[in-house]
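Right, one structure below, let's go through it.
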Amino acid sequence: MKTTRNTETSRSFWGRALVLHPVLRGTTSDRSPEASLEEAVGLASAIDLDVAQAAVVKVNQPRPATLLGGGAVEQYARILEEARAAGAAIDLVIVDHALSPVQQRNLEKALQAKVIDRTGLILEIFGERARTHEGQLQVELAALSYQKSRLVRSWTHLERQRGGFGFLGGPGESQLEIDRRLIGDRIVKIRKELEDVRRTRGLHRKARAKVPYPVVALVGYTNAGKSTLFNRMAGADVFARNLLFATLDPTMRQVVLPSGRKVILSDTVGFISDLPTHLVAAFRATLEEVQSADIILHVRDIAHPDTEAQKADVEAILRDLGIDPEHDPRVVEIANKIDRLDGEAYASVVARADRSGDACAVSAATGEGLDSLFGILDRRMTAGRAVVEMDVAHADGATLAWLYAHGEVLDRRDDEDHAHLQVAIEPAMLARMGRRQEERVPA
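Residue numbers (my numbering): 12 to 454.
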């Protein structure tokens with residue numbers, strides 16, 4: 012369900028917020044609790060919430076009723092009561108962890124405030140950021156699935172009985188059952204609409220294959236600076252602020268490299284840690300452009316204290332997509348935000364990138380390193396040009412024109428029906444030609 016709120020509306024609607032990051036005893040994480048709390052606050056700020064307080068909460072024994080221990084619940088109930096008494100009420104509590112419907116409801120009763128968990132917060136962000144029709148459908152699908160799990164009989168407004176007319180429910184059907192059925196029907200309809208959208212996107216891919224420029228996809232942890240780098244490379248006015256999830260839908264632009272080669276640049280949704288499973292499934296389609304990309308730029312916030320953990324999270328998702336970041340030659344690592352490093356760290360990162368040859372150190376904010384990045388792209392496009400021989404029917408003028416436009420015809424011999432060609436062509440373009448030919452073969 013797409014929501015649109017400007018800053019003033021969001022703040023006035025929600026009021027002030029308290030962010031709690033529970034740390035359960037016996038669990039381990041690559042991130043410090045403080046860094047995880049900082050990310051949760053960033054998520055809240057992404058929808059302009061006014062975070063009044065934030066804290067790490069140690070949980071020795073998770074309680075089935077509230078997740079948090081009884082002492083912690085009492086402590087924050089007092090804090091919220093004192094805030095209300097002082098005229099600075101905190102109306103929203105964000106628990107940076109999954110809550111069951113019962114836990115959410117019990118916490119709301121104990122704290123006398125609206126409570127949402129990590130999934131609910133991410134859905135709010137997705138709802139504000141989704142711009143394309145597909146993105147909005149994916150948001151609604153994920154939101155409805157989440158909402159369906161929250162429908163519990165103890166909600167008083169769902170206890171009333173409705174029946175008799177037949178258009179909403181049969182005799183004696185409870186409002187709870189009606190709500191569940193209506194949500195289920197809507198989920199089925201959205202899934203059908205998404206299939207239509209995917210088919211349409213497939214047609215768009217076919218159209219791009221006919222004007223076949225290599226696709227360069229930007230991926231990275233959310234807030235790593237992908238959209239800012241996209242703007243630098245494409246000169247495009249894409250929404251880019253210092254916010255988590257600033258981009259939720261793939262954005263594509265044509266870019267001309269210094270050599271004159273044209274590529275399609277694709278910006279994608281940022282990754283985060285601990286993304287709920289059903290959200291990953293709902294938004295996986297937004298990453299399809301990555302799977303078919305010719306080059307994948309993994310943009311890292313190299314100045315972030317958890318940059319290595321963020322790298323591990325991104326690489327894990329790439330593996331889920333069937334992309335091995337360590338061995339897939341398409342993946343190029345981009346160390347972004349070098350302008351935020353001190354002298355020694357800056358020199359180390361730049362030297363490491365220079366030694367690699369397959370990595371690049373840049374500042375999307377200042378433009379430093381962009382020439383090197385474009386140089387890497389040009390080299391990747393021309394590296395190891397293959398010399399291939401092929402026979403093309405004279406009647407297939409489109410393929411002949413394509414080969415002359417995107418390769419170097421070294422030799423040509425013609426007979427009555429075919430042109431026998433020897434062509435030097437870049438591997439990426441050869442692969443794209445293969446996909447182009449497959450698209451032309453009837454199923």
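Positions of the beta carbon are idealized from the N, C-alpha and C atoms, including for glycine. Keep in mind that this is a model prediction, so the values were computed, not measured.
Would the beta-carbon of residue 313 fall within 7 Å of that of residue 346? Within the sequence shown, residue 313 is the residue found at index 302, counting from 1. Within the sequence shown, residue 346 is the residue found at index 335, counting from 1. Yes, Cβ-Cβ distance for residue 313 and residue 346 is below 7 Å.
Residues bridged to residue 433 by DSSP? Start at 1 with the first residue of the sequence shown, and residue 433 comes out as number 422. In DSSP, residue 433 forms a bridge with 400, 422.
Residue 275 bridges to which residues according to DSSP? Residue 275 sits at position 264 when you count from the first residue of the sequence shown. Note: residue 275 sits in a beta bridge opposite 226, 265.
Residue 1, DSSP secondary structure in three states: Past the edges of the chain, shown from 12 to 454, lies residue 1, and the structure says nothing about it.
Is residue 366 near the ligand MG, going by C-beta to nearest heavy atom under 6 Å? In the structure on display, the ligand MG does not appear, and there are no ligands present to speak of.
Please determine, among 406, 114, 401, 368, the residue with the shortest C-alpha to C-alpha distance to residue 390. Mapped onto the sequence shown, residue 390 falls at position 379. Checked all of 406, 114, 401, 368; the closest Cα to residue 390 is 368.
Residue range of the alpha helix (DSSP H) that includes residue 346: As a working note, residue 346 is residue 335 in the sequence shown. It is not in any alpha helix (DSSP H) - residue 346 instead sits in the beta strand (DSSP E) that spans 342 to 347.
Residue 33 - DSSP class collapsed to helix/strand/coil: If you number the sequence shown from 1, residue 33 lands on position 22. Correct three-state label for residue 33: strand.
Determine whether the beta carbon atoms of residue 397 and residue 340 lie at a separation below 7 Å. Locating residue 397 in the sequence shown gives position 386, counting from the first residue. Locating residue 340 in the sequence shown gives position 329, counting from the first residue. No, the Cβ-Cβ distance between residue 397 and residue 340 is not below 7 Å.
Does the beta-carbon of residue 40 have 16 or more other beta-carbons within 10 angstroms, so that it is buried, or is it exposed? On the sequence shown, position 29 is the one that residue 40 refers to. The residue in question, residue 40, is exposed, as its Cβ has fewer than 16 Cβ neighbours within 10 Å.
Mapping the DSSP letters down to three states, classify residue 445 as helix, strand or coil. Numbered from its first residue, the sequence shown carries residue 445 at position 434. Note: residue 445 maps to helix in three-state DSSP.
Here's a check: name, in chain order, each residue in its chain whose Cβ is nearer than 6 Å to the Cβ of residue 284, leaving out the five neighbours to either side. Along the sequence shown, read from residue 1 onward, the residue named residue 284 stands at position 273. 324, listed in sequence order.
How is the beta strand (DSSP E) around residue 312 delimited, first residue to last? Working through the sequence shown from its first residue, we reach residue 312 at position 301. Looking at the DSSP string, the run of the beta strand (DSSP E) that includes residue 312 is 306 to 312.
How about residue 51 and residue 103: are their beta carbons less than 7 Å apart? What you label residue 51 is simply residue 40 of the sequence shown in a count that begins at 1. What you label residue 103 is simply residue 92 of the sequence shown in a count that begins at 1. The answer is no: Cβ separation not under 7 Å.
Within this structure, are the beta carbons of residue 441 and residue 433 separated by less than 7 Å? Residue 441 sits at position 430 when you count from the first residue of the sequence shown. Residue 433 sits at position 422 when you count from the first residue of the sequence shown. For the pair residue 441 and residue 433, the CB atoms are not nearer than the 7 Å cut-off.
Going by C-alpha distance, which of 287, 276, 318 is nearest residue 301? Residue numbering aside, residue 301 sits at position 290 when the sequence shown is read from its first letter. In terms of Cα proximity to residue 301, the closest of 287, 276, 318 is 276.
For the alpha helix (DSSP H) containing residue 365, list its first residue and its last residue. In the sequence shown, counting from the first residue as 1, residue 365 sits at position 354. Element bounds for residue 365: 354 to 367.
Here's a check: name, in chain order, each residue in its chain whose Cβ is nearer than 7 Å to the Cβ of residue 315, leaving out the five neighbours to either side. Looking up residue 315 in the sequence shown gives position 304. Around residue 315: 321.
Hey, how far is the Cα of residue 282 from the Cα of residue 231? One-based indexing of the sequence shown puts residue 282 at position 271. One-based indexing of the sequence shown puts residue 231 at position 220. Approximately 6 Å between the Cα atoms of the pair.
CB contact flag (residue 189, residue 155, <7 Å): If you number the sequence shown from 1, residue 189 lands on position 178. If you number the sequence shown from 1, residue 155 lands on position 144. Contact: no.
Nearest-angstrom Cα distance between residue 445 and residue 410? Reading the sequence shown from its first residue, position 434 is the one you call residue 445. Reading the sequence shown from its first residue, position 399 is the one you call residue 410. Rounded to whole angstroms, residue 445 to residue 410 spans 11 Å at the Cα level.
Nearest to residue 137 by alpha carbon, out of 206, 151, 124, 424? By one-based count along the sequence shown, residue 137 stands at place 126. The option with the nearest alpha carbon to residue 137 is 151.
The segment 93 to 100 contacting the segment 109 to 117, beta-carbon criterion three pairs below 8 Å: no
I need the boundaries of the alpha helix (DSSP H) containing residue 331, first residue and last residue. In the sequence shown, residue 331 corresponds to position 320, counting from 1. Unbroken alpha helix (DSSP H) run through residue 331: 318 to 331.
Residue 199: buried (16+ other C-beta within 10 angstroms of its C-beta) or exposed? As a working note, residue 199 is residue 188 in the sequence shown. Exposed, because fewer than 16 other Cβ atoms sit within 10 Å of the Cβ of residue 199.
Within this structure, are the beta carbons of residue 65 and residue 30 separated by less than 7 Å? What you label residue 65 is simply residue 54 of the sequence shown in a count that begins at 1. What you label residue 30 is simply residue 19 of the sequence shown in a count that begins at 1. Closer than 7 Å, so yes.
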